[in-house]
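Colleague:
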Amino acid sequence: MKKKVLSLVVLMVLGTLTVVISGCAAGRVDLVESGVLSLEQYTTGKVNIAWSNAYVDGDGFIVTGVLRRRDTFGLPIKSHVDIAVLSPDGTIIDESRSSEVYVPRRIIGRGGNLKRFRVRFSDIPPEGSLVRLVSHSGPHNDKM
């Protein structure tokens with residue numbers, strides 16, 4: 488009898504987790520896969536963008552990704568990502584900057600050397616737009 492009740496409880500917990508996890512992932516619309524926009528990544532220094540993506544979030548969209556060092560020595564580098572959204576004709580629609588993070592040196596065989604970034608934009612750009620991401624390690628003259 489105890490085995491039957493335990494099995495029933497485990498089954499109910501797994502079923503609930505399946506529903507919750509599938510519900511959280513179902514609302515995310517990938518703007519790159521759907522062809523609304525494309526991403527370009529540029530590196531200026533020792534920190535590069537390992538991967539990035541853009542997806543719908545409410546009325547706007549979010550650009551997210553991971554920063555990684557290209558070298559295997561030295562102290563952590565303070566870095567951020569400059570993001571510009573360009574319309575299909577090349578004019579700048581919106582610009583933003585991620586918060587600054589310290590990216591540690593790259594340790595071969597360990598996964599702890601990646602740092603995430605996330606920037607939210609208030610409006611979804613028109614179809615065919617370009618999002619340009621530039622990893623940057625130095626200070627800027629302007630205050631964004």
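To convert, count from 1 in the sequence shown and add 487; that's the working numbering.
Virtual Cβ for every residue (Gly too), placed ideally from N, Cα, C.
Beta strand (DSSP E) containing Glu582: first to last residue?
Modeller: Indexing the sequence shown from 1 puts residue 582 at position 95. Per DSSP, Glu582 belongs to the beta strand (DSSP E) from 579-584.
Colleague: Going by C-alpha distance, which of Lys489, Lys491, His627, Ser494 is nearest Asp569?
Modeller: As a working note, residue 569 is residue 82 in the sequence shown. Checking every option, the nearest Cα to that of Asp569 belongs to His627.
Colleague: Please confirm whether any heavy atom of the ligand SAH lies closer than 7 Å to the CB of Tyr529.
Modeller: This structure simply doesn't include the ligand SAH, nor any ligand for that matter.
Colleague: Nearest-angstrom Cα distance between Gly615 and Arg584?
Modeller: For the purposes of this step, residue 615 is taken as residue 128 along the sequence shown, with counting starting at 1. For the purposes of this step, residue 584 is taken as residue 97 along the sequence shown, with counting starting at 1. Roughly 22 Å between the two C-alpha positions.
Colleague: Skipping 5 residues on each side, what residues in its chain have a beta carbon closer than 8 Å to that of Asn600?
Modeller: As a first step, residue 600 is located in the sequence shown; it is residue number 113 there, counting from the start. Arg555, Arg556, Val590, Pro591, Arg592, Arg593, Ile594.
Colleague: Can Asp624 and Lys533 be called in contact, C-beta distance under 8 Å?
Modeller: The count along the sequence shown starts at 1 and reaches residue 624 at position 137. The count along the sequence shown starts at 1 and reaches residue 533 at position 46. Checking the sequence shown, residue 624 turns out to be Ser, not Asp. Yes, the pair counts as a contact, with Cβ atoms nearer than the cut-off.
Colleague: Rounded C-beta distance between Leu620 and Ser539? I'm assuming under 8 Å.
Modeller: One-based indexing of the sequence shown puts residue 620 at position 133. One-based indexing of the sequence shown puts residue 539 at position 52. 6 Å between Cβ atoms; contact.
Colleague: Leaving out five residues on either side along the sequence, give the residues of the same chain with a beta carbon under 7 Å from the beta carbon of Thr531.
Modeller: Taking the sequence shown and counting its residues from 1, the one referred to as residue 531 is at position 44. Val621, Ser622, His623, listed in sequence order.
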